[in-house]
Amino acid sequence: MYLIVIGWLYVTLLMALAEAFSSQGSVLGAIITFVFYGLLPMALVVYLMGTPLRRKAIRQQEQQARQEASEGSILPGSAVQPDAGSHAAALPEVAAVPAVGKKEL
């Protein structure tokens, strides 16, 4: 896949150089030619062709995370399950400090 990208960029570079050194061409036209005929289309092609590889990598990471979570981070039979966030577990319902204005007996 990268051989095709390199070949196309080479062709568009030669097109841009031909425009830059032409008697009717300009350097700005050469830059625009290279960007719009070379860089942008090839960036789109590489991105679209790499989508299956990115999906596969994400699936592998998720599978590895599930495997690590099931192997030993949770004790079997434990009632406490971790949440998806990285925050500490909530405090119990019973408040350790009484609210202001209330007195405990």
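Using this note's numbering, you'd call the opening residue of the sequence shown number 79 and step up by one each time.
For glycine and all other residues, C-beta sits at the position ideal for the given N, C-alpha and C.
Q: Answer yes or no: do leucine 87 and methionine 120 have a C-beta to C-beta separation smaller than 8 Å?
A: yes
Q: Leaving out five residues on either side along the sequence, give the residues of the same chain with a beta carbon under 6 Å from the beta carbon of alanine 108.
A: Ala94, Glu97, Ala98
Q | Distance cut-off 7 Å: arginine 144 Cβ against heavy atoms of the ligand COA | A | As for the ligand COA, it is missing from this structure, which has no ligand bound.
Q: Starting from histidine 140, trace the alpha helix (DSSP H) both ways and give me its first and last residue.
A: The identity of residue 140 in the sequence shown is glutamate, whereas the question assumes histidine. Unbroken alpha helix (DSSP H) run through glutamate 140: 129–146.
Q: Compute the beta-carbon to beta-carbon distance between valine 83 and valine 124, rounded to the nearest angstrom, for a pair I have assumed lies under 8 Å.
A: 6 Å
Q) Which value, in whole angstroms, describes the spacing of the CA atoms of serine 101 and leucine 92? A) 16 Å
(Q) According to DSSP, simplified to helix, strand and coil, what is valine 89? (A) helix
Q: Could you tell me the distance, in whole angstroms, from the CA atom of leucine 81 to the CA atom of leucine 118?
A: 17 Å
Q.
Buried or exposed for glycine 116, going by 16 or more other Cβ atoms inside 10 Å?
A. buried
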